[in-house]
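Asker: Read left to right, the sequence shown gives residues 28 to 152 (our numbering).
Just so it is clear, CB atoms sit at the ideal spot from N, CA and C, and this is done for glycine as well.
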Amino acid sequence: VKCFVEDCGYTSVHDEFAHELKDMFGLPSFPLLNVASTLCKWEYGWDFEEASPLNQVKKCRLPMLVIHGTNDDFVPTAMAQPIYDAKSQPKALYMAQGSAHARSLSDHRQEYTAKVRQFTAKYIK
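1. Could you give the distance in angstroms between the alpha-carbon of E43 and the alpha-carbon of Y37?
2. If you measure between the beta carbons of V93 and A107, is that distance less than 8 angstroms?
3. Within its chain, find whatever has a CB closer than 7 angstroms to the CB of Q124; leave out the 5 residues flanking it on each side and keep chain order.
4. Closest to H41 by C-alpha separation, out of E33, V102, K86 and W69, would be which residue?
5. Thinking C-beta only, is K118 closer than 8 angstroms to P90?
Okay, here's the thing in structure tokens:
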């Protein structure tokens, strides 16, 4: 593996579930997420805060292109910036204007493909 392309990623399981509870059901994260996270820890050995792409990105030393649609309401667009900020150099950010969740490629095929090719070409020979 020479580099990564991350598209529409979330910061943590906790953050994503909290967003979905509010967005889909109008429910607060407390106490549901706390209970569910504890049960997950007992059953599987990890909790919702541990399942954090953000924490893993902080450890990553390989180049990363972060991609997110500006109209993503499933994984909120605002989650892209903390992921980008957590990543040390080299890194790049591509915000696909107007794209919903997982629609950046289909909405902006030429631009998306060009960004990915331009980024990966620096590291894959």
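Answerer: This is what the structure holds:
1. Translated into the one-based positions of the sequence shown, residue 43 becomes position 16. Translated into the one-based positions of the sequence shown, residue 37 becomes position 10. Their backbone Cα atoms lie some 6 angstroms apart in a straight line.
2. As a working mapping, residue 93 is identified with position 66 in the sequence shown. As a working mapping, residue 107 is identified with position 80 in the sequence shown. Between V93 and A107, the C-beta spacing is below 8 angstroms.
3. Numbered from its first residue, the sequence shown carries residue 124 at position 97. Cβ within range, chain order: T97.
4. On the sequence shown, residue 41 is found 14 positions in, with the first residue counted as 1. The shortest C-alpha separation from H41 is found at V102.
5. Here residue 90 refers to the residue found at position 63 of the sequence shown. Here residue 118 refers to the residue found at position 91 of the sequence shown. Taking 8 angstroms as the Cβ cut-off, P90 and K118 qualify as a contacting pair.
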